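With positions in the sequence shown counted from 1, the corresponding number in our numbering is that position plus 32.
All residues carry an ideal CB built from backbone N, CA and C; glycine is no exception.
Nothing here was measured: the structure is a model prediction, and the numbers come from that model.
See below for the structure under consideration.
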Amino acid sequence: MDRSKNILSEASGKTCAGLMPAGKRICFLVLLLAVLAGCSRSRKDLGKPVAMVGSKYLYESQLPALSGPGISAQDSIRIRKSYIDKWIRRQLLLEKAEQNLTSEQKDVTDQLEEYRASLLIYKYQDMLMRQQMDTIVSEDEIQKYYTEHSGSFILNQPVFKGLFLMLPLNAPNLQKVREWTRSPNEENIKNLESYCFQYARKYDYFNDQWTYFQNLLLLAPGLKLNPEQFLRAYKFYEYSDSLNIYMIGIRDYLLPGAVSPLDLVRDDIRAILLNRRKLEFIKDLENKIYNQAYDKAKVKIFENK
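Structure below.
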């Protein structure tokens, strides 16, 4: 197929020179049909062409899928136009490169072979890892790594445990709600959950898990306080606007510079341990293949002595 493309390029330049655009296109198509006769996929298979640059075509079937949740008809049209425009720009740049680079500069055989080799090796390693490598990281492994490397997990923003309520101004029994929020024991939490199910416009409970203070700012409209000062000053905070009453309960907090709680870095540690396991797997695989090749006298090194 590569040789056919070269023949086509030479023929179209020699036999079609000087013809009108329509004639040139006919000449090109005749030659192209001869080349594509042995190809597994024809233009008909590719569908309707949507753009052309010189002798290169972009087909309908080559466009990305433009439908799905959240994609409107206007978005689809915009994405389609953008894709076509980028394809045209790329082909025009490629055409200029083909015209202006020397034969040596255009020879990318070595780079392509290196890329192909890297891609095949990666796919082979990935296949074996999926088949043979244990991807389960135990809680003991995570805890051990966290203990040994806690200095690597320092908070750069405050975190806290607590709860957040948004209630309508006319919600009943607000004094009771304040008491429950200030003292979130098991019974009061049950009372809060039952109450909020009926009356709350928003109820977020993170009394047993650490969360970033930034998340609270996203929940609480109009709350513009210095996070560190706020956490130091309040265990319970209440404010209101024209529509709602907001209550915030703070059970515990940590400030920037403290070691991050394990809950917040557990996924990061799991990823670190998995990556370490992958590197060890690849190293062992390479050594195994290397040693087997030498044992079978498959490898020889030729050196000038």
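Taking C-beta atoms as the reference points, W242 and L296 count as a pair closer than 7 Å. Judged by pairs of C-beta atoms under 8 Å, the stretch 205-221 does not touch the stretch 243-255, as fewer than three such pairs exist. Shown here, S272 sits in a strand according to DSSP, grouped into three states. Y156 is the residue among Y156, D240 and V85 whose C-alpha sits nearest the C-alpha of Q164. N188 carries a coil assignment under DSSP once its states are collapsed to helix, strand and coil. Rounded to whole angstroms, the gap between the alpha carbons of L195 and L257 is 17 Å.
Inclusion of I111 and A83 in the CB contact set at 7 Å is not warranted, their separation being larger than that value.
L294 and F185 have their C-alpha atoms roughly 9 Å apart. Per DSSP, the beta bridge partners of M198 are K234 and Y278. A residue is called buried when at least 16 other Cβ atoms come within 10 angstroms of its Cβ; K315 does not meet this threshold and is exposed. Between the alpha carbons of A203 and V209 lies a distance of about 10 Å.
Under the three-state reduction of DSSP, V291 is assigned to strand. When Cβ pairs closer than 8 Å are counted between the two stretches, the stretch 117-132 is seen to touch the stretch 85-98, the count reaching three or more.
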